[in-house]
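Q: Supplied in structure tokens, the structure appears directly below.
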Amino acid sequence: MSQVVILFSGGLDSTVLLYHLRADGHTLYGLGVDYGQCHARELVHAERIALSLEVPYQPSGVYGIPRSSALLKPAIPLPAATADQAPTVVPGRNAVLLSLAASVADALNYDTVAIAANATDHATYPDCRPAFLRTMSVAVELASEDRVRIIAPYVDLPKAAIVRRGATLGVPFADTWSCYRGGTVHCGDCGACAARQAAFREAGVNDPTVYEEQVCTG
Ligand SMILES: [Zn+2]
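The numbering used here applies: residue 1 is where the sequence shown begins, and numbers increase by one.
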């Protein structure tokens, strides 16, 4: 069994991974990172989910990432769900977050960092691709003298497969947060909501998420 620091955002993918690693018997430590997002709503969900599972959870922060992404600067419009999602890229985000998680893991004497990067993200987000994550693990292993490695169990899986796995694990999907906007419910209109909806549809799993248009139409 491993001792795992999991980058835990409270989103669908990292919540399924948390349930998955927990079911496999690993010792877990959830790390939620505020890196300057316009809203930190997902981290509220992360803390709530970790608490419900009695998994230790540490909110953390990274400062100084330039506000060149729509996720970090309200003046940059979020692209429509059908448009190129490039404005949502935070340059090198996972390099930063994985370095932080590896530092935490080494300090705690944990041997693994887990990230829920997946195949659905490859096209838009270069720091979710297998080659980057493999190389980042090598860097972390060198920096820690082989005490810490990175695992990305979902890197070759599409989001629909993660939904199916979550369904078998009994993940409370409604408690997770994917939306790029920080409303009271998912907007149903951004790229993250569209990917979430498509994943449930493709998986053939009921989507319990409340989307804004459902609220509007009663
Ligand atoms: Zn949304």
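The beta-carbon is built from N, C-alpha and C at its ideal position, and this holds for glycine as well. A quick note: this is a predicted structure, and the numbers were derived from the prediction, not measured.
Counting only beta-carbon atoms, is Leu97 nearer than 9 Å to chain B?
A: Considering every chain present, this structure includes no chain B. It has just one protein chain.
Q: Using C-beta distances below 8 Å, list every residue in its chain close to Cys216, excluding the 5 sequence neighbours before and after it, in chain order.
A: Summary for Cys216: the model assigns pLDDT 48, below 50, so the residue's position carries little reliability; its value from the coordinates is reported in the next sentence. For Cys216, where only same-chain residues beyond five positions count, there are no Cβ hits under 8 Å.
Q: For Lys159 and Ala143, I'd like the C-alpha separation in whole angstroms.
A: Cα to Cα, Lys159 sits roughly 31 Å from Ala143.
Q: With respect to 8 Å, is the separation between the Cβ of Tyr154 and the closest non-hydrogen atom of ligand 1 below this value?
A: Every heavy atom of ligand 1 is 8 Å or more from the Cβ of Tyr154, so no.
Q: Please report the straight-line C-alpha distance between Glu202 and Glu145, rounded to a whole angstrom.
A: C-alpha separation (whole angstroms): 42 Å.
Q: My output table needs one value for Pro126: the three-state DSSP class, helix, strand or coil.
A: Three-state DSSP puts Pro126 in a helix.
Q: If you run the structure through DSSP and keep just helix, strand and coil, what is Leu7?
A: Looking at Leu7 - three-state DSSP - the assignment turns out to be strand.
Q: Pick helix, strand or coil for Cys179, following the three-state DSSP scheme.
A: It is coil, neither helix nor strand.
Q: So, under 8 Å CB-CB, Ser69 and Pro87 are touching, yes? Tell me the CB distance rounded to an integer number of Å.
A: Right, their Cβ atoms sit about 7 Å apart.
Q: Tell me whether Arg181, by its Cβ, gets closer than 8 Å to a heavy atom of ligand 1.
A: Yes, the Cβ of Arg181 comes within 8 Å of a heavy atom of ligand 1.
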